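K.L.:
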Amino acid sequence: MRAWNFLPAILSLSSVVSAIEAISALSIPQNKEAGKPIPNWTSHGSVQVEAGRVFLTGLGGKDLQNSIWANLGNNLESWTLDVDFTAGGLVEAGGGLAIWYTTDQGFPGPAYGNKDTWDGLGIFIDSAIKDESGNEDSGSVHGHLNDGTTSFVNTISKDPKSHAFSLCHVNYRNTGYLTQVKISYAPGLFRILVNNQVCVQTDKIVLPKGGYFGISAGGTGNVDNFSLYRVETFVNVQPSVEQVDNAMKLEKEKQQQQQNEQQKKQQNEQQKQQQNEQKVVAQSSSSSSSSSSSSSPINNEEITKMIEKLNLVWHNGKEWKEHTEGAVSAMTQQTLSELKNQRKVFEDSLKEINNKFEQRVNKLENVIKELIELQRNTLEGRTADTKAHISSEINKLNTHVDDITRSLKEHSTSLGNLPHSLHTAVIEGGQSIWTILLVVFVVQAVVGLGYYLYSLRQKGYHAKLL
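Using mature numbering (1 follows the signal peptide of the UniProt record, and there is no 0), the letters of the sequence shown correspond one by one to residues -19 to -1, 1 to 447.
Next comes the structure, spelled out in structure tokens:
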């Protein structure tokens, strides 16, 4: 199927505008109340309504299945549905938009917000089919007919190009302007216009009356932001087939005129170039004649040779220019390649240095942990040894104290019996006085010796404990 361009100016003629009649029940009002339901339409999912637009999907949404459906069936025999929307998102496209005309209202599902199988027409606008150049920014508008038996998930989405009855490429994401889709139907005519260009026009499609219009958006992962700015239904085909044909004719004539002007411009440039070459030859011949009066006049053959030489010089200059541009391009590519290699080497070196630094840090941490553990163990060992030593010395001290106490008790007993012995010795006629004095002296000596020994032992105990 061929695609034709037509002039938008033709669509704005007063005769065309006056013939357009909107069907309010199958259209979304321009002046919508924010946050309130759309009259005569049912919404599914997280659809948001503002005064000037309808957000089918918001930016950053994931795994969405949103849609709006007309509550009344379309009983028009011939009609036109206009949809103006914008789409924006991240670098990679996510999800898609679908315009429906089905035998019954849809409900949320995997087919860009509609159920997996449907009975009727589905027009998909997405980036699933790339253009021939493989441009990542390209999108496409492709139509699919279904009788309710073909699965979107298992069949259509796996190879949408082979299952589409129409296909045209269009950039619709992050454009900064509205994308306009106009679907027209009449007995013997089905047509899709995208941004005033014919995407498909055929007489092979038959759509019954009573179908429901719906618009949905969704997908898995990150879904683009799809916003509706205008949804209107009109009686009859707008613009008419004759208007499109006339616009096509005018467009072709304009293109042909542009081609003719371009060719004429190229011819004029070639003629100017030839005239300049002839002037150069004439000036050269005139200069040669004035410098030597004996020289013979230049004939036509010599002029032809000079022209050929000039052409050769011109072609050589052109080749040199192309060669220079190629060399510069090659040098640029080589420089970029070297920079990339140096960047890779730098990144690898930086990564290696980072790894070595991390290894050293880890080793240092391990050493610090080992030192802390060793210090803890040493302190615990010393504490245990000190406690045992102190306990042993205390036991020894207690033993010596007990011994001294016992000795003192024995000496106290002996001193206690001394007065009685003296009394017996004096009264009962015991030993002489010198004997008594000797006994007293011996007793004092024994006590002094005991005290001296006790003092020596006590000093030794304190030295051991300290």
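We treat Cβ as the ideally placed atom computed from N, Cα and C, and that holds for glycine.
A quick note: this is a predicted structure, and the numbers were derived from the prediction, not measured.
#1: Near phenylalanine 171, what residues of its chain come up, given a Cβ to Cβ distance below 6 Å and the 5 sequence neighbours on each side ignored?
#2: Find out if the Cβ-Cβ distance for the pair glycine 147, threonine 61 is shorter than 9 Å.
#3: Between the segment 2 to 13 and the segment 36 to 55, do three or more beta carbon pairs fall short of 8 Å?
#4: Inspect the beta-carbon positions of glycine 94 and glycine 26 and report whether they are closer than 9 Å.
#5: Could you compute how far the alpha carbon of proline 278 sits from the alpha carbon of glutamine 238?
#6: Taking the alpha carbon of serine 221 as the reference point, which residue from Val179, His123, Tyr210 has its own alpha carbon closest?
#7: So, at 7 Å on beta carbons, what are the nonlocal neighbours of valine 137 in its own chain, with the 5 sequence-adjacent residues on each side left out?
#8: Just to confirm before moving on: does the CB-CB distance between valine 28 and asparagine 47 stay below 9 Å?
#9: Our contact map puts alanine 109 next to proline 141 with C-beta atoms below 8 Å; I'd like the distance itself, whole angstroms only.
#10: For the beta strand (DSSP E) that contains lysine 43, what are its first and last residues?
#11: For lysine 321, which three-state DSSP category applies?
#12: When you compare the segment 224 to 243 with the segment 67 to 79, are there three or more beta-carbon pairs, one atom per stretch, that lie closer than 8 Å?
#13: On the DSSP bridge list, what partners appear for aspartate 384?
#14: Going by DSSP, name the residue or residues bridged to cysteine 180.
#15: Should glutamate 31 go down as buried or exposed, given a rule of 16 or more other Cβ atoms within 10 Å for buried?
#16: Give me the residue from Val342, Ala167, Pro189, Asp65 with the minimum Cα distance to asparagine 217.
#17: Figure out for me which residue from Leu209, Lys96, Lys337, Gln236 has the closest Cα to the Cα of valine 134.
#18: Decide if valine 423 is buried, meaning its Cβ has at least 16 other Cβ atoms within 10 Å, or exposed.
#19: Identify whether leucine 418 lies in helix, strand or coil by the three-state DSSP scheme.
#20: Would glutamate 242 be called buried (16 or more neighbouring beta carbons within 10 Å of its own) or exposed?
#21: Do you know how far the Cα of glycine 195 is from the Cα of glutamate 333?
#22: By Cβ distance, which residues of its chain are closer than 8 Å to lysine 17, with the 5 residues on each side in sequence left out?
#23: Assign isoleucine 375 to buried or exposed, taking buried as 16 or more other Cβ atoms, counted over all protein chains shown, within 10 Å of its Cβ.
P.N.:
Quick look at the numbers:
#1: Thr183, Ile186
#2: The sequence shown places serine at residue 147, not glycine. Result no, Cβ atoms of serine 147 and threonine 61 do not sit closer than 9 Å.
#3: yes
#4: yes
#5: Low per-residue confidence applies at proline 278: pLDDT is 48, beneath 50, and the placement is therefore not dependable, though the value from the model is reported in the following sentence. Their Cα atoms are separated by approximately 47 Å.
#6: Val179
#7: Here residue 137 turns out to be isoleucine, not valine, going by the sequence shown. Cβ within range, chain order: His125, Thr131, His144.
#8: yes
#9: 5 Å
#10: 43 to 51
#11: helix
#12: no
#13: Paired residue(s): none; aspartate 384 is not in a bridge.
#14: In DSSP, cysteine 180 forms no bridge with anything.
#15: exposed
#16: Ala167
#17: Lys96
#18: exposed
#19: helix
#20: exposed
#21: 59 Å
#22: Val30
#23: exposed
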